[in-house]
Amino acid sequence: MASRKTKDKTVIRALGLGGLLGGSSEGLVDVKDGKIVRVRPFHYDWKYKKEDIKTWKMERNGKVFEQPWKSLPGPFSLAYKKRVYSPNRIKFPMKRVDWDPDGERNPQNRGKSKYVRITWDEATDILAKEIKRIHKAYGPYGILVQGDGHGECMTIHTPHGHSGSLLDKMGGFTQQVRNPDSWEGWYWGSKHVWGQGIQGGMFPAGNIVKDTTEHAEMVLFWGCDPETTPWGFTGQMPSRLTYFWKDAGIDQVYICPDVNYGCAVHADKWIPVLPNTDAALQLAIAYTWIKEGTYNKEYVKTHVVGFDKFKAYVMGEEEDDVPKTPEWASKKCGVPEWTIKALARQFARKVTSIAHYFGGGYVRGPFSHEPGRLEVCLLGMQGLGGPGRHHHQITYFGLPRSNGLSGTFFWNPDLADRLRTPSLTTINAWQKQLIPKTYIHDAIEANEPMTFYGSGAIEVDTTDQFKKYVYPLPKKEGGTEIHMIWSDTPCRTTCWNNGNATELALRNPKIECIVTQHPWMENDTLFSDIILPSNTHMEVGDIVSSIRGGTSIPNVALCDQAIEPVGESKSNFEVVLEVAKKLGMEKAMTGGKTDEDLKKEMFTNMRLDKLTTWKEFREKGYYLYSVADDWEDDSPGLRKFYDDPEKNPLPTPTGKLEFYSEALAKNFPHDRERPPVPKWIEKGPTHDERLSSERAKMFPLILMSNHGRWRVHAQADDIPWTREAPTCKIRGWDGYMYEPCWIHPSEALERGIKHGDIVKVFNERGIVLAGAYVTERIRPNVAYMDHGARVDMIKVGEIDRGGAINTISGSGTSSRNAVGQATTAYLVQVERLSMEEMDRWRREYPEAFEREYDPASGLCVNAWLEGGEK
Amino acid sequence: MTKKVFVIDIKKCNGCHACQIVCKDEHVGNDWSPIAKPQPDAGQFWMELTERVRGTVPKVKVAYRPHMCMHCDNAPCIEACPVEGAIYKREDGLVIIDSVKCSGCRNCLDVCPYDAIFYNDDLNLAQKCTGCAHLLDDGWVEPRCADACPTGALKFMDEDEAKKLISKAEVWKPELKKQVKPRVYYLNLPGRFIAGTVYDPKAKEVIIGADCALTDAATGKTYNIKTDNYGDFWFEGLGKGEYSLQIVAGKKKETFKKLDTTLEDINLGDIAL
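Each protein sequence line maps, in turn, to chains A and B.
Residue numbering for the first sequence follows our numbering, beginning at 998 and increasing consecutively.
Residue numbering for the second sequence follows our numbering, beginning at 2 and increasing consecutively.
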């Protein structure tokens, strides 16, 4: 058979969607006739011989785990060409049709009125003028930059923060501070037990995969889904690891309200706990251990402070407290008493690690710091740091160390300014006037200054949580309310707390101009006044390090341009550069350096010049790291602390695991939501979202939300091929593709709901439409939805058809003094939507139903263009 | 040319859909005729990942299975095709519908026992999995689905090399095996399960080590296991049929009769003993 041409060229891409100057989930992109023809896993031996790279392996019970010689991207990464050519792509600059910078601005029509095409020249003229006007009228802090979060993996053209780089050079800006959105409980909780950690997680965490492999007898996947969350960041290495652990005889227990995708295929035991009641279960485990004397008393004596206070609370020795018995816990968490005891004994009997991959359902509900802290206490009671006893972000940390790897993690201080600065908005609170991302809507609407403790920036020291901030700053410090928003991360409505309140806040007349740069017409973009088309990583060349843990073989690659930009789009850096030109800031932005200069600079910053030559790197297009010769000697996790806590103290005030935090006691003596000893919080001033609440009479189900299986937060909701998966979308009787809402058959029966029905999920904060997914994969009392579906407002701030469940999540943060988000575990009701109600909405909000819509991929940019695409 | 087979280990399938997605990536919008013309953007699954939720809370598992053209050696579609050479078997064993010669008569759709052939209304063509023959002819060693499988569950192998695996494998619809001779083999297809948890209602403790004896009504064969540290028993890999179960712990005893696994797996829930 004659062969035919199946491609013209092949380029490398990091197909993960974590962004932040780092890649992973790499792939090869074949291009033919100027179009992407296919996206496939990266076979690392493309230009290297296998024998030239030193790799690692691990063994247990005769089973061997090795580095795969190909990358393991998730399905949306492999389908990425559909995103590039999506009917939702913004192809040219646009202006809201009834927003006139020299006249009426009509903020009340944001999210409703359509757009007209304008030229780049017009768009940048308007923007430059607006920036100067705001600076003059209010000062530089009058502009809020939303330039943080996840996105495509690039370094020079990294998706977020370039607007911050520009405005920083012009006197600063008000910074939206990205909160630890996927690990709130560890950030606001665990840090007070084991110290700073990395973003609150256990640290050091090096080499724990090997140690758990060799010593653990059981791993608890506690609210963890290794078959979902890792996909967006590093791909499917955790899947291979968990299959291997199973072969090697390590028990895998899933504690979660749902049969998540890991539980579906890996679980030896599923313990369906009610959402956000893990603290009760944890306390009952501690109770059982204390009562039966099955915890590591020696370790506790030498490694823990405050155990007596913790024990007194657990055993109910305090005046108003009950013992936290399995019987007590069972009523809170919905797990039978006998199963709680059985779990507690297994945990005590077997060498046990706990695994997470950041998270959703477990770690970001109301009071998430309590399960975050209690989990560390449980590990501490069994000798945390000892052989096989660790806290995993599974494969993200703890894989073997590479030889000569110096890192381009965003905190790498060696990076050139232009490479490093954009990502500062994501990791640091580096401006003077700050608003935590969780407070944006409140800050816009507030008429009085707001105060809060802790900026919530993901890399700041624990002590920042005790620092009092105020927004706006006093006038003499340049403080002003914000009057303009420049966003390159327009997903606040669907990915953060109380999206409906956010939609309404974006209409506040105080906000005179909203500019968004984004490749797709979605979410907050629909509330913009000016829209600038940024492009995807397929359309621009870059250099990307794929060294996040979980990459099969760590590497750095030159990602040459795959295709020409779609329409008039430009990279996120180039977009800002166009504006900078109009402000006379071009040179300041580029530093006079070309992309090629920066690639070389990055090469040097990575110390790749010590490992290879630029010439060879250019020729091959990538560099593969060998594993370090002595990696097996690396001390795993907290082993040094375990061995000698005096010589190797933790970064807590006492150097020990603090089951009682003096710092919390001192700084927040009256905080009953985050007391010095971690506790079960039934309700508090911030949240009243449990089944015991009066509100549960009206809203009797707990809404649980995790990171999406088929998306990375808000990314990749428009891929027709993933949308065909039965758990991705459900076709309603009206032909619309609804976001699934999982509900147990018993709850469905009670409500007359059948699989595939259109249902409304609602509470006081609004209504979200969904497709009923009636399944035994969720326990009773719960409704489950992935967060991050694109908003499709029937009525702005009230009714959403797209399935953006966070539109009705609570406004409150993790707790009173913790500005994290609480976007899971809140009360809702689910009802079958009647045709009459839908018809009524059709009559009342006809424009929402007349918008162009493509069931295969969902929303279309044409829907928002006056007269359609020209 | 060596003959090829697909060997799919269900135990290693994590349900990620990468096989289904990359099949579309390869064929939607790309023209590889005469091996294949473009696949419609939506609605066709030359490679389809099927899923089935088994059991009830809290004994639930999910069974995934990639379904595709079985590239039968006695392919009914070849026989039913009225156009000479429009459906043919390659030397490597792959069955191809020639996208140029196909007349669009639909005969093959009617006779395929695996429902693996689709009709493209826009092109008036019968279409299905090609094993990515156009890529194999261009030097690829495996089709896209096998390349993208992250766990090695889905493999495209030389028949000789796969012999040992094939001896342990099953085909889909085994009753057709002799007749159509499929070239896709499945390992570890799940049977039914009967499971439950045994506890002492007075002590509020699970009962560990209770004797559970499951008898197959048809054969009279009995399987014996003991409850584990969670008080759980799982009889897995069962056939479809009627079973009876006796649970004994000390002097306590419980019997379940007429447990019918024909339609579904059975979770007996938390059993007070």
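Every residue, glycine too, gets a C-beta built ideally from N, C-alpha and C.
A quick note: this is a predicted structure, and the numbers were derived from the prediction, not measured.
Check, Outcome
"Closest Cα partner of Gly1377/A within the set His1438/A, Val1332/A, Thr1299/A, Ser1399/A", "Thr1299/A"
"Residue-chain proximity (Gly270/B, chain A), Cβ-Cβ < 8 Å", "no"
"Touching by the beta-carbon criterion (3+ pairs, under 8 Å), the stretch 1437-1454 of chain A and the stretch 1467-1484 of chain A", "yes"
"Boundaries of the alpha helix (DSSP H) in which Thr1418/A is found, first to last residue", "1414-1424"
"Local conformation of Thr256/B per DSSP, three classes", "strand"
"Proximal chain A residues relative to Phe120/B, where beta-carbon distance stays under 7 Å", "First, the amino acid is wrong: residue 120/B is Tyr here, not Phe. Neighbours of Tyr120/B on chain A: none; closest Cβ ~18 Å, over 7 Å."
"Per DSSP, cross-strand counterpart(s) of Trp1517/A", "Arg1086/A"
"Residue interval of the alpha helix (DSSP H) (run including Leu1608/A)", "Counting along the chain, Leu1608/A falls outside any alpha helix (DSSP H), and DSSP gives it neither H nor E."
"Own chain, CB closer than 6 Å to Trp1838/A, minus 5 neighbours either side, in chain order", "Ile1791"
"Three-way DSSP call (helix, strand, coil) for Cys24/B in this model", "helix"
"Residues, ordered as in the chain, of the stretch 41-68 of chain B that lie near chain A by beta-carbon distance below 7 Å", "Asp42, Ala43, Glu52, Val54, Gly56, Thr57, Val58, Pro59, Val61, Lys62, Val63"
"Where Ser1327/A sits in the DSSP three-state scheme", "helix"
"Strand pairing of Val63/B, partner residues [DSSP]", "Val54/B"
"Reduced DSSP secondary structure (H/G/I, E/B, other) of Ser1074/A", "helix"
"Beta-carbon proximity of Gly1401/A to Lys1607/A, cut-off 8 Å", "yes"
"Exposure of Ala273/B, with buried meaning 16 or more beta-carbon neighbours within 10 Å", "exposed"
"CB contact below 8 Å: Lys1078/A versus chain B", "yes"
"Beta-carbon separation (whole angstroms), Ser1021/A vs Thr1548/A, contact threshold 8 Å", "5 Å"
"Whole-angstrom C-beta distance between Ser1531/A and Gln1558/A, which should lie under 8 Å", "Contact flag wrong, Cβ pair sits at about 15 Å."
"Euclidean distance between Cα positions of Lys1867/A and Phe1089/A", "For Lys1867/A, the predicted structure reports a pLDDT of 49, less than 50, and the residue's modelled location is therefore unreliable. A value from the coordinates is still provided. Going by the C-alpha atoms only, they are around 10 Å apart."
"Beta carbon proximity, Gly1753/A to chain B, threshold 8 Å", "no"
"Contact with chain A by Pro151/B, beta-carbon distance below 8 Å", "yes"
"Beta-carbon proximity of Thr1821/A to Thr1435/A, cut-off 8 Å", "no"
"Val1573/A burial status per 10 Å Cβ neighbour count (16 or more: buried)", "buried"
"CB contact below 8 Å: Leu1124/A versus chain B", "no"
"Residues of its chain near Ser1743/A, where Cβ-Cβ distance is below 7 Å and the 5 sequence neighbours each way are ignored", "Pro1777"
"Closest residue to Leu1141/A among Arg1114/A, Lys1663/A, Met1481/A (Cα-Cα distance)", "Met1481/A"
"Assigned secondary structure, Val1572/A (DSSP; H/G/I helix, E/B strand, else coil)", "helix"
"Chain B contact for Arg1871/A (CB, 8 Å cutoff)", "Chain A is shown from 998 up to 1867; residue 1871/A falls before or after that span and cannot be answered."
"DSSP-derived helix/strand/coil call for Ala1264/A", "coil"
"Distance CB(Ala1341/A)-CB(Ile1252/A) smaller than 8 Å", "no"
"Closest Cα partner of Leu1580/A within the set Lys1507/A, Glu1127/A, Gly1015/A, Val1081/A", "Glu1127/A"
"Backbone secondary structure at Leu190/B - three-state DSSP", "coil"
"Limits of the unbroken beta strand (DSSP E) element including Thr1460/A", "Thr1460/A -> no beta strand (DSSP E), and no H or E assigned at all."
"Where Tyr200/B meets chain A, residues with beta-carbon distance less than 7 Å", "Trp1335"
"Burial state of Pro1368/A, where buried means 16 or more other Cβ atoms lie within 10 Å", "buried"
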